[in-house]
Amino acid sequence: MASRGRKDAIPGADGSTIQQSGSPNAETIAIYGADGILLSEGGTGFRKVNITASGVINGGTSQIYAVKHPLTLIYNADEPHDWYTYAGNHNDALWGDGAEKSTYDPCPNGWRVPPDAEKTFGDFSADNFSYYIEGELIATGDMNMTNGRNYLNVSWYPAGGYRHRNAGKLNSIGGNGYVWTSKPSSVVEFYAKNFMFTMTDQGFPSTARSYGFPVRCVQE
Numbered sequence: 001m002a003s004r005g006r007k008d009a010i011p012g013a014d015g016s017t018i019q020q021s022g023s024p025n026a027e028t029i030a031i032y033g034a035d036g037i038l039l040s041e042g043g044t045g046f047r048k049v050n051i052t053a054s055g056v057i058n059g060g061t062s063q064i065y066a067v068k069h070p071l072t073l074i075y076n077a078d079e080p081h082d083w084y085t086y087a088g089n090h091n092d093a094l095w096g097d098g099a100e101k102s103t104y105d106p107c108p109n110g111w112r113v114p115p116d117a118e119k120t121f122g123d124f125s126a127d128n129f130s131y132y133i134e135g136e137l138i139a140t141g142d143m144n145m146t147n148g149r150n151y152l153n154v155s156w157y158p159a160g161g162y163r164h165r166n167a168g169k170l171n172s173i174g175g176n177g178y179v180w181t182s183k184p185s186s187v188v189e190f191y192a193k194n195f196m197f198t199m200t201d202q203g204f205p206s207t208a209r210s211y212g213f214p215v216r217c218v219q220e
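First residue of the sequence shown: 1, per UniProt numbering; consecutive thereafter.
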């Protein structure tokens, strides 16, 4: 998962901890240092910090803080709900502005964040993008770590859920799926486009940039 424009990914959910209701509905997956020691959540590992906290903003943005703290999700409970700024100086170019790949794109060489949701995922439909629950071709049932949708029987999209913009809580884990694109929203200023799917539907909403969504790299 990553907030739109962040260089580094943040930990997602431990699929074995999924709950059918509540927020969060799963716990953060355990991560370990190079020495094999567990990095504690809220300590040496994954952390959440409000953009208004002391030391986060430097020169009008949180970019320096974000680079120095790759395991920290910067959340913003107020408009524009952007991890990068709490003013109006958002940065569309962090992931390439829907055009060329940028320095902060989290994908490896030869790959990039999808530049456009409709062009990349526009032909996905109920006919070719089937939902599976615990390996069965059905669209109603419990949220589960194995749930997701299968595009043309060749490309699997797990129902990885998201981290909420306000406090970084894990939600919809095992139920819905989300994928960032690098394209800014043309509908809501400060927001960005993404591809999302439920058990029965899919679409291309505009979403606040401090949300933590999975990144699905595409070849350049």
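For glycine and all other residues, C-beta sits at the position ideal for the given N, C-alpha and C.
- Around the Cβ of Trp180, a 10 Å sphere holds 16 or more other Cβ atoms; the residue is buried.
- Taking the Cα positions, Gly36 is about 16 Å away from Phe46.
- Separation of Asp8 and Gly148 (C-alpha to C-alpha, rounded to the nearest whole angstrom) is 24 Å.
- Looking at Leu73, Ile173, Pro205, the one whose alpha-carbon comes closest to that of Ser185 is Pro205.
- Counting along the chain, no beta strand (DSSP E) covers Ile57, and no H or E run does either.
- Contact between Val215 and Val113 holds, since their C-beta atoms are separated by about 6 Å, short of 8 Å.
- As DSSP reads the structure, Glu189 sits in no beta bridge.
- By alpha-carbon distance to Glu118, the top candidate from Asp92, Gly15, Asn194 is Asn194.
- Selection Arg6, Glu220, Ala2 evaluated against Pro115 yields Glu220 as nearest (Cα-Cα).
- Non-local C-beta neighbours of Tyr157 in its own chain, meaning closer than 6 Å and more than five positions away in sequence, comprise Gly148, Arg149, Gly177, ordered along the chain.
- The three-state reading of DSSP puts Glu118 in helix, counting H, G and I together.
- The segment 119-138 makes no contact with the segment 93-103; the number of CB pairs closer than 8 Å stays below 3.
- Gln202 has its alpha-carbon roughly 14 Å from the corresponding atom of Gly161.
- Straight-line spacing of the CA atoms in Gly141 and Ile133 works out to 7 Å.
- DSSP places Ala93 in the helix class (H, G or I) of the three-state scheme.
- Below 8 Å, too few C-beta pairs join the segment 72-87 and the segment 95-110 to call them touching: fewer than three.
- For the pair Leu152 and Asn128, the Cα-to-Cα distance works out to about 5 Å.
- When DSSP states are grouped into helix, strand and coil, Ser182 belongs to the strand group.
- An exposed status is given to Asn89, since fewer than 16 other beta-carbon atoms sit within 10 Å of its beta-carbon.
- Counting along the chain, no beta strand (DSSP E) covers Tyr65; the unbroken alpha helix (DSSP H) around it starts and ends at 63-68.
- DSSP places Ser16 within a helical segment (H, G or I) once states are collapsed to three.
- Bounds of any beta strand (DSSP E) do not take in Gly141, whose DSSP letter is neither H nor E.
- Between the segment 17-29 and the segment 161-170 there are three or more C-beta pairs closer than 8 Å, enough to call the two in contact.
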